[in-house]
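Colleague:
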Amino acid sequence: MDFRTGEIFAIDKPYRMSSFGALAHVRYLLSHRLGYKIKIGHAGTLDPLATGVLILCTGKATKQIEKLQAHTKEYVAVMQLGATTASYDMEHPVNETYPTEGITQETIMETLPRFIGDIDQVPPTYSAVKVKGDRAYQLRRDGQEVKLKPKQVRIDEIELLDFDAGQMRLRLRVVCGKGTYIRALARDLGRALRSGAYLTELCRTRVGDYGLDTCVPFDNFEQWMDEQQLTKEKTI
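Here the sequence shown is numbered in full-length UniProt numbering, starting from 1 and rising by one per residue.
#1: Quick check on this structure: which residue in F9, M90, L46 has the alpha carbon closest to the alpha carbon of M17?
#2: Thinking just about the alpha-carbon of each residue, which of E106, K132, Y88, I103 is nearest to the one in V122?
#3: Per the contact definition of three or more C-beta pairs closer than 8 Å, is the region 99-114 in contact with the region 180-197?
#4: Do R183 and residue 251 come within 7 Å of each other at the CB atom, strictly closer than that value?
#5: For A43 versus E7, is the C-beta distance shorter than 7 Å?
#6: As an exercise, report each continuous beta strand (DSSP E) stretch of at least 3 residues that is fully enclosed by the UniProt domain "Pseudouridine synthase II N-terminal" (37-182), in chain order.
#7: So, does the region 161-173 touch the region 70-85, judging by three or more C-beta pairs under 8 Å?
#8: Taking 6 Å as the limit between beta carbons, can you name the residues of its chain near E157, skipping five residues before and five after?
#9: By DSSP's criteria, G6 is part of a beta bridge. Which residues make up the other side?
#10: May I have the straight-line CA-CA distance separating I108 from S19, to the nearest angstrom?
#11: Just how far apart, CA to CA, sit V216 and A128?
#12: Which of the three DSSP states, helix, strand or coil, is assigned to E201?
#13: Round the Cβ separation of L49 and L202 to the nearest angstrom and send it over; I've been treating them as touching at under 8 Å.
#14: Where does G211 sit, in a helix, a strand or coil, going by DSSP?
#15: To the nearest angstrom, how far is it from the Cα of P14 to the Cα of G52?
#16: Quick one: Cα of R206 to Cα of Y181, how far?
#17: Per DSSP, what are the beta-bridge partners of D12 in this structure?
#18: Would M1 and Q223 qualify as a contact pair, given that the criterion is a beta-carbon distance under 7 Å?
#19: Is R187 helix, strand or coil by DSSP?
#20: Count the other C-beta atoms from every protein chain shown that fall within 10 angstroms of the C-beta of A24, then say buried if there are 16 or more, exposed otherwise.
#21: Here's the rule: buried if 16 or more other CB atoms are within 10 angstroms of the residue's CB, otherwise exposed. What is R187?
#22: Find the nearest neighbour of L170 within the set L81, T231, D213, P99, judged by alpha-carbon distance.
#23: My understanding is that R114 touches Y126, with C-beta atoms under 8 Å, so please give their C-beta distance in whole angstroms.
#24: What three-state label does DSSP hand R194 in the structure shown?
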């Protein structure tokens with residue numbers, strides 16, 4: 001493998017690590033193993049509380065990032081009904097609770113099709129969306145009010161994998177296009193059910209042809225390097 005000329009591969013990003021942090025760790029390991037500083041970028045950010053497929057591109061392959069970002073993505077999401085948080089995930093504590101009477105597997109199945117196709121979705125205010133040059137999440141952390149405009153996104157499939165009526169928790173498989181926020185889908189699904197909802201787990205299981213089964217395990221990246229034929233230069 002020639003990382004200077006350019007390689008594309010995927011890692012399974014760990015829980016509670018930023019996409020940039022995962023990328024920086026891989027760059028450090030590769031650079032010190034190969035003897036030269038690696039140019040590297042990722043094709044699509046994952047939230048720190050999300051896990052799963054993170055595509056990395058090195059060298060001249062970084063020119064493919066925009067194309068890779070446009071690929072269809074698949075997620076498996078666990079959502080808690082009956083409550084919300086400021087970020088629509090577990091980064092923040094529950095800020096409001098709602099009744100869940102009347103929510104059944106049947107009502108969920110009837111509601112999910114509303115979110116399939118080209119839909120307007122307002123991004124979470126705790127997100128990297130820019131507002132006059134500033135990140136929305138930073139403005140929120142600074143105590144400022146943020147209002148974001150809806151953006152059109154595409155959701156191709158939503159499959160209900162499991163529903164625990166006792167815990168009011170459901171698990172979905174979602175196939176969608178670029179720019180879709182699964183946290184926002186949780187928010188909007190909760191509202192459509194006349195309740196609330198937020199993410200408790202999120203895993204990106206596929207980006208284009210890259211699935212979890214083709215990912216390099218993050219914790220075993222050095223072992224993976226040992227198994228490759230790497231083009232090296234002088235030691236740093």
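We put the CB at the ideal spot given by N, CA and C, even for glycine.
Modeller: A quick look at the data gives this:
#1: For the purposes of this step, residue 17 is taken as the residue at position 17 of the sequence shown. Comparing Cα-Cα distances from M17 to each of F9, M90, L46, the minimum goes to L46.
#2: Against the sequence shown, residue 122 aligns to sequence position 122. Among E106, K132, Y88, I103, the Cα nearest to that of V122 is on Y88.
#3: yes
#4: No answer is possible for residue 251: the residues shown for the chain start at 1 and end at 236.
#5: The residue given as residue 43 occupies position 43 in the sequence shown. The residue given as residue 7 occupies position 7 in the sequence shown. Their beta carbons are not under 7 Å apart, which means A43 does not touch E7 by this criterion.
#6: 40-42, 51-58, 73-81, 83-85, 94-97, 117-121, 151-164, 169-176
#7: yes
#8: Locating residue 157 in the sequence shown gives position 157, counting from the first residue. If we look at E157 and ignore the five residues flanking it on each side, its Cβ neighbours are V175.
#9: Counting from one through the sequence shown, the residue named residue 6 turns up at place 6. According to DSSP, which records beta bridges pairwise, G6 is partnered with nothing at all.
#10: Start at 1 with the first residue of the sequence shown, and residue 108 comes out as number 108. Start at 1 with the first residue of the sequence shown, and residue 19 comes out as number 19. Approximately 32 Å between the Cα atoms of the pair.
#11: Here residue 216 corresponds to residue number 216 of the sequence shown, with the count starting at 1. Here residue 128 corresponds to residue number 128 of the sequence shown, with the count starting at 1. Looking at the two C-alpha atoms, the distance is approximately 26 Å.
#12: Locating residue 201 in the sequence shown gives position 201, counting from the first residue. Strand, per DSSP.
#13: Taking the first residue of the sequence shown as position 1, residue 49 is located at position 49. Taking the first residue of the sequence shown as position 1, residue 202 is located at position 202. At roughly 7 Å, the Cβ-Cβ gap stays under 8 Å, so L49 and L202 are in contact.
#14: Within the sequence shown, the letter at position 211 stands for residue 211. Strand.
#15: Within the sequence shown, residue 14 is the residue found at index 14, counting from 1. Within the sequence shown, residue 52 is the residue found at index 52, counting from 1. Near 7 Å, if we compare the C-alpha coordinates of G52 and P14.
#16: Reading the sequence shown from its first residue, position 206 is the one you call residue 206. Reading the sequence shown from its first residue, position 181 is the one you call residue 181. Spanning the two alpha carbons is a distance of roughly 15 Å.
#17: One-based indexing of the sequence shown puts residue 12 at position 12. According to DSSP, D12 bridges with V53, P217.
#18: In the sequence shown, residue 1 corresponds to position 1, counting from 1. In the sequence shown, residue 223 corresponds to position 223, counting from 1. Not in contact: M1 and Q223 (Cβ atoms no closer than 7 Å).
#19: Residue numbering aside, residue 187 sits at position 187 when the sequence shown is read from its first letter. Helix at R187.
#20: On the sequence shown, residue 24 is found 24 positions in, with the first residue counted as 1. So A24 counts as exposed.
#21: Numbered from 1 along the sequence shown, position 187 holds the residue referred to as residue 187. Classification of R187: buried, given that the 10 Å Cβ count is 16 or more.
#22: For the purposes of this step, residue 170 is taken as the residue at position 170 of the sequence shown. The option with the nearest alpha carbon to L170 is L81.
#23: Position 114 of the sequence shown, counting from 1, holds the residue named residue 114. Position 126 of the sequence shown, counting from 1, holds the residue named residue 126. At roughly 24 Å, the Cβ-Cβ gap does not stay under 8 Å, so R114 and Y126 are not in contact.
#24: Your numbering for residue 194 matches position 194 in the sequence shown. In this structure, R194 counts as coil in the three-state DSSP scheme.
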